[in-house]
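Student:
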Amino acid sequence: MRIILLGAPGAGKGTQAQFLMSKYGIPQISTGDMLRAAIKEGSELGLAAKKIMDAGQLVSDDLIIGLVKERVAKADCANGFLLDGFPRTIPQADAMKDAGIDVDHVIEFDVPDDVIVERMSGRRVHPASGRVYHLVYNPPKVAGQDDETGEELVIRADDVEATVRKRLAIYHEQTELLVGYYRKAAEQGQTHYHHLDGTQAVDAVSQHLVKLLG
Ligand code: ADP
Ligand code: ADP
Ligand code: ADP
Numbered sequence: 001m002r003i004i005l006l007g008a009p010g011a012g013k014g015t016q017a018q019f020l021m022s023k024y025g026i027p028q029i030s031t032g033d034m035l036r037a038a039i040k041e042g043s044e045l046g047l048a049a050k051k052i053m054d055a056g057q058l059v060s061d062d063l064i065i066g067l068v069k070e071r072v073a074k075a076d077c078a079n080g081f082l083l084d085g086f087p088r089t090i091p092q093a094d095a096m097k098d099a100g101i102d103v104d105h106v107i108e109f110d111v112p113d114d115v116i117v118e119r120m121s122g123r124r125v126h127p128a129s130g131r132v133y134h135l136v137y138n139p140p141k142v143a144g145q146d147d148e149t150g151e152e153l154v155i156r157a158d159d160v161e162a163t164v165r166k167r168l169a170i171y172h173e174q175t176e177l178l179v180g181y182y183r184k185a186a187e188q189g190q191t192h193y194h195h196l197d198g199t200q201a202v203d204a205v206s207q208h209l210v211k212l213l214g
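Numbering-wise, the UniProt record's numbering puts 160 at position 160 of the sequence shown, and it's gapless, one number per residue.
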């Protein structure tokens, strides 16, 4: 099963990706996590991406497309994958199509901006695994620690309110165009498009996803 999770920053894509990964046994491909790993390694890619990410802007299409093409060609993607945070622009979606990377389901997470801003202020992440927590809505068992490893949770550098608002503006300008793009693709029988209410509790959203995906 090849799935695109589409939605604003903070809509809950990463949280549900963790659930879907274990439910369907397909890997999560988070371009944001890949870029943050590159920054941590201090690679050339990381150096180029850091300033752009901290400013809440999008990394260049060419760079991201190369990264994703390489990733989906790996053996663990043979039975499918979950794209989280990609594509984010029409050129990225076109490049995927041109590369012959088809998708079975596109799922749009709908969450209003004000809810997003509140979610981001309480987000804590475990960078090594991609697990995501929230101080109030999805707290770890022990404050400040990842449930499985006990390792320290961190606040992302770009989760400050001004940067979150910048990222939301870019979402509405550039990424939201993909709603129309994939609705049209679904009308032409190229994929299935689903819209879901992302404001419900984490478990309710997971249950809805299972109904949609079977
Ligand atoms: P969130 O989970 O909050 O939506 P991500 O982890 O997906 O954020 O992305 C963090 C940052 O990484 C983005 O603000 C952007 O700078 C960069 N990034 C991630 N994916 C892409 C992409 N597909 N195209 C361009 N930039 C990206
Ligand atoms: P995205 O990957 O779309 O950027 P995340 O999955 O990282 O979003 O979620 C952003 C924040 O909101 C995290 O702190 C997460 O714990 C929290 N969150 C995710 N889903 C929900 C939900 N359904 N209700 C409340 N909080 C949520
Ligand atoms: P689509 O956008 O693909 O048409 P729908 O919103 O019509 O999807 O819902 C598809 C399925 O999910 C239906 O079986 C519906 O009953 C179920 N569903 C819709 N909303 C929820 C929800 N909030 N929680 C759980 N299941 C839901």
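Using N, Cα and C, we set each Cβ at its ideal position, and we do this for glycine too.
How far does the beta strand (DSSP E) with residue 133 in it extend, from its first residue to its last?
Tutor: Note, residue 133: beta strand (DSSP E), 131-134.
Student: If I measure Cβ to Cβ from residue 186 and keep anything under 8 Å in the same chain, skipping five residues before and after, which residues do I get?
Tutor: Correct list, in chain order: 106, 192 and 193.
Student: Give me the DSSP bridge partner(s) of residue 29.
Tutor: The partner list for residue 29 (beta bridge, DSSP) reads 83.
Student: Considering just the uninterrupted stretch of the beta strand (DSSP E) at residue 148, what are its terminal residues?
Tutor: Element bounds for residue 148: n/a, residue is neither H nor E.
Student: Here's the rule I'm using: 16 or more other beta-carbon atoms within 10 Å means buried, otherwise exposed. How should residue 64 be labelled?
Tutor: Buried: at least 16 other Cβ atoms inside 10 Å.
Student: Do you know offhand how far residue 92's Cα is from residue 167's?
Tutor: Approximately 17 Å, taken between the alpha carbons.
Student: In chain order, what residues of the same chain have a beta carbon less than 8 Å from the beta carbon of residue 145, not counting five sequence neighbours either side?
Tutor: So the list reads 151, 152 and 153, once near-sequence residues are dropped.
Student: Please say whether residue 31 and residue 72 have beta carbons closer to each other than 8 Å?
Tutor: The answer is no: Cβ separation not under 8 Å.
Student: Do you know how far the Cα of residue 2 is from the Cα of residue 27?
Tutor: Spanning the two alpha carbons is a distance of roughly 10 Å.
Student: For the beta strand (DSSP E) that contains residue 7, what are its first and last residues?
Tutor: 2-7 is the extent of the beta strand (DSSP E) around residue 7.
Student: Could you spell out where the beta strand (DSSP E) holding residue 124 opens and where it closes?
Tutor: Counting along the chain, the beta strand (DSSP E) containing residue 124 begins and ends at 123-126.
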